[in-house]
Amino acid sequence: MTDHIQTEINDGVLEIRMNRPKKKNALTPEMYSALADALLGADDDRRIRVVWITGMGDAFTSGNDINSFIREGRDADSGLDADRFLPALATVETPFIAAVNGMAIGIGSTMLLHCDMVHATENASFCFPFTNLGIFPEAASTMVLPFIAGHQKAMELFLMGERFDLETACDAGMINHVFAPEDLEAESLAIAKRLAQKPARALRITKRLVRRGYPDLVKAMEEESPLFTEMMHAPEAQEAFNAFLEKRKPDFSQFD
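Quick note: the sequence shown uses my numbering, first residue 20, plus one each step.
So, in structure tokens, the structure goes:
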């Protein structure tokens, strides 16, 4: 367990807070492990009817901790401990709500595609930066976002890899409710607690039935994993990592 992931249960809601505000809640391997434990344990805990997640400070999460990410790209024996967390996103049967306060970058945005409701502040921003790093979007997001937003919108957001604002996220179907920053936590938790008052079995079965329309996301993640590892060690990703460390723009012109 890590102090950077805080959990507590109140009124049937498992509240998860990513608590690394000085680093914009960038996720470390230990944080991934704690998040996986929380999600995987929710379905087996009769006290929990809803899972709710947010970030501390002025960010939801800036994505992977860059030092861990670069280390993964250079060391075949090193890797972010996301192998349990990503499938948990796709398999947790307990309703899952996210409250996005500020930036949601990388996994911060792909995670939202697996949430059942997403609440955000007026100043929230989002980004799928993967092509900029010579890799591709993880967590079966290339299957889920087109399902939500349509092919062309998903391709634009994925291929361009640029940060986009709340209005664009709403247009893409990613957001349920928008609140002022000072109201987000209270309003979002109020919705979560209203949901938690309903019969837990009815909530979970409804979620399971709605998800019948999705493809097999866990299988997709399993198929992605070796390709993601391969691309993390490819020259394009190495150029992106070197450029970051050297504080310059990457030059991908040498690659086909």
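Cβ coordinates follow ideal geometry from the N, Cα and C atoms, glycine included.
For Cys-146, the secondary structure class from DSSP, reduced to helix, strand or coil, is strand. In this structure, Ser-81 sits away from Thr-47, with a CB-CB distance that is not shorter than 7 Å.
With 16 or more other Cβ atoms inside 10 Å of its own Cβ, Arg-39 counts as buried. Contact between the stretch 100-113 and the stretch 53-70 is present, with at least three C-beta pairs closer than 8 Å. Within the stretch 28-114, the runs of alpha helix (DSSP H) that reach at least 4 residues and sit entirely inside it are, in chain order, 48-61, 85-93, 104-110. Look at His-138 here: in three-state DSSP terms it is strand. Annotated three-state conformation of Gln-216 is coil, per DSSP. With distances taken between CA atoms, Arg-227 lies nearest to Cys-134 out of Gln-171, Lys-266, Cys-134.
Put simply, the backbone Cα of Ala-199 is about 10 Å away from that of Glu-206.
According to DSSP, His-170 shares a beta bridge with no other residue. DSSP lists Ile-72, Val-137 as the beta-bridge partner residues of Ala-117.
Here the alpha carbon of Ile-224 sits roughly 31 Å from the alpha carbon of Ala-143. By the neighbour-count definition (other C-beta atoms within 10 Å, threshold 16), Ala-209 is an exposed residue.
Relative to the Cα of Arg-230, the nearest Cα in the group Glu-49, Asp-275, Ile-67, Pro-114 belongs to Pro-114.
Straight-line spacing of the CA atoms in Pro-254 and Leu-246 works out to 14 Å.
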